[in-house]
């Protein structure tokens, strides 16, 4: 910690620099562990500490949060701490901190989240180069694969041309030009309980003409799910919840003047917050609660959602919209039961290394809970969804006619760092999805895909070099999306040594496929097919050579490690530590254990430790 303080003080001795980034953090009864993680991520920033500042405003914590913040500030001259009387929400602390801030850009960082090491430098440079008022950086969440899948597909320095959807996901975890916020009096709505204050805030920024850029090629923000979220408390009172939903829709209609943007916001929030409860939610709640919320939803649809908004919805949501407006809750419940478990799980058909890439062949099909096939039905010249006649009779025919939707399937691969949690689309895949006749007039949906992984494309920070990577596919079609990790039936272990990187493809504990880079969870030696009879012992040079038979080698590699030798049959003997190295050359790999000056004889159990991962199995050798 002293090194950090010295680093800041030394940087302040020269000419005082303008503050580039102000990090605004509202706190309230924050867990110490969360604060430590947040501060650790700040301390790792590649931007010089004199170029950014930290502004913490505590909302009258009843714990020792404020005192802890003061302790952190003692070793950080660029950190300011203030405590205010409890306001009950994060809005007022953010607004106060905004006025205190001096930075060119402001990041609103929640008190239990973190940022990635190059975030400040990358975001600031991107914002300055493109004269942006808002930089929406790639945001990562603890759970799931699909967060920001569409929004963070590529960098876009002119994202405002997309319309207001450029600010999705509408969290406050973006970088806003402070001058732009102050000039336009853009603040967070104050109050003890304000749901979706971030949506109001971002909407106001767009309404005032913000120039927006999307930075998608580096993860900037890690939203850590802890379960301790103020907004989650709104679900307890349906009346308060729907009052807030109505308030949000009225805000859109009163303030968004561009019709394209208004239609987008009405469609997006109607689909997610209103129609979103008319599926599996109906099967998980009691009838009293369902009746209350259904009536609120119907009233909102009738009063605030124009009928033409249905044209912007997929067929499944068009059906929900239609039945909601008809007041047909019974049919919606039956549909929810039919829809339960519709998914598309992908299977690994083959995986292999070639040169410096990992290749996959996969297959998928639509099913119910990975068991029964999902079918559609051919009737005359139409492909229709299979529904009970009692429901079909209540719907316009176009709502269950899938004929025009069969060309819109997508099947894409993705990869995610297990520790970093950043999900990336894997480019260059080749896929095909077909509607296949199986029996009579019934058709099933099947797909296949080939793609390759060049892991260097996704290693952006030091931590990425040593972690497992999980691989998934995203299947979309007929109004359904299934983004799930790849599964594999058989046990598969394939290893590679590529340009000084170790890689192990393996079946993880969940029966899914993973790629371990840097031997973070598995031993490259143990998984690469060591055969005891091939081990060479040269007593003259003091070297033990262990050929690795089942490993793909590309390029040249030399990775330093160590090994332990323990005499066989002597339980209380201390292990002898010696040097070892993993060598890859001429398409072959070996481990060399260097005995050095140790004069050893007899039988020993040998265990290698390459990249900090010790073998679980011992190799018996005679010296």
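Residue numbers (the numbering used here): 13 to 635. All residues carry an ideal CB built from backbone N, CA and C; glycine is no exception. These numbers were taken from a predicted model, which means no experiment stands behind them.
The segment 605-618 makes contact with the segment 571-590, as at least three CB pairs between them are under 8 Å. Counting the other CB atoms within 10 Å of its CB gives residue 634 a total below 16, which places it among the exposed residues. Secondary-structure assignment with DSSP links residue 442 through a beta bridge to 462. Between residue 400 and residue 346, the gap from beta carbon to beta carbon is short of 8 Å.
The C-beta distance from residue 494 to residue 355 rounds to 5 Å, short enough to meet the 8 Å contact threshold.
Here the segment 441-461 makes no contact with the segment 119-129; the two share fewer than three CB pairs at distances below 8 Å. Residue range 341-351 is occupied by the alpha helix (DSSP H) that includes residue 351. Distances from the alpha-carbon of residue 446 to those of 378, 114, 512, 403 put 378 closest.
Apart from the 5 residues on each side of it in sequence, residue 302 sits with its Cβ closer than 7 Å to the Cβ of 294 in its chain, given in chain order. Residue range 77-86 is occupied by the alpha helix (DSSP H) that includes residue 77. Taken in chain order, the complete alpha helix (DSSP H) segments of 4 residues or longer contained in the segment 226-274 are 250-267. Cα atoms of residue 424 and residue 164: separation of roughly 15 Å, rounded to the nearest angstrom. Residue 185 is classed as buried because its beta carbon has at least 16 other beta carbons within 10 Å across all chains shown. Shown here for residue 543: same chain residues with a beta carbon closer than 7 Å to its own, the five before and five after excluded, namely 561 in chain order. Residue 123 is classed as buried because its beta carbon has at least 16 other beta carbons within 10 Å across all chains shown.
A direct Cα-to-Cα measurement between residue 267 and residue 532 gives close to 51 Å.
Within a 10 Å sphere around the beta-carbon of residue 193 sit 16 or more other beta-carbons, which makes this residue buried.
Rounded to the nearest whole angstrom, the C-alpha separation of residue 103 and residue 110 is 11 Å. In the three-state scheme derived from DSSP, where H, G and I count as helix and E and B as strand, residue 280 is classed as helix. Relative to residue 404, the option among 419, 428, 451, 334 whose CA is nearest is 334.
Residue 62 counts as buried, since no fewer than 16 other beta carbons sit within 10 angstroms of its beta carbon.
Residue 36 and residue 120 do touch by the CB rule: their CB atoms are close to 5 Å apart, below 8 Å. For residue 51, the three-state secondary structure derived from DSSP is helix.
Within its own chain, the residues whose Cβ lies closer than 7 Å to the Cβ of residue 180, once the five positions on either side in sequence are excluded, are 163, listed in chain order.
Its Cα nearest to that of residue 228, the residue 134 stands out among 90, 86, 134.
Residue 416 sits in a helix when the DSSP states are folded into three classes. By DSSP's assignment, residue 174 forms no beta bridge with any residue. In chain order, 507, 560, 561, 562, 563, 601 place their CB closer than 8 Å to the CB of residue 540, counting only its own chain and leaving out the 5 sequence neighbours on each side.
Inclusion of residue 203 and residue 101 in the CB contact set at 8 Å is warranted, their separation being smaller than that value.
At a cut-off of 3 residues, the continuous stretches assigned as beta strand (DSSP E) that sit fully inside the segment 562-595 are 563-566, 569-579. Residue pairing by DSSP places residue 452 opposite no residue, since no beta bridge is assigned to it. A buried status is given to residue 376, since no fewer than 16 other beta-carbon atoms sit within 10 Å of its beta-carbon. Segment contact: the segment 204-224 against the segment 249-268, three or more CB-CB distances shorter than 8 Å; contact assigned. Note on geometry: alpha-carbon atoms of residue 448 and residue 370 lie some 30 Å from one another.
By the C-beta density criterion, residue 171 is buried, having at least 16 other C-beta atoms within 10 angstroms. By the C-beta criterion, the segment 91-98 is judged to be in contact with the segment 63-81, since at least 3 inter-stretch pairs fall below 8 Å.
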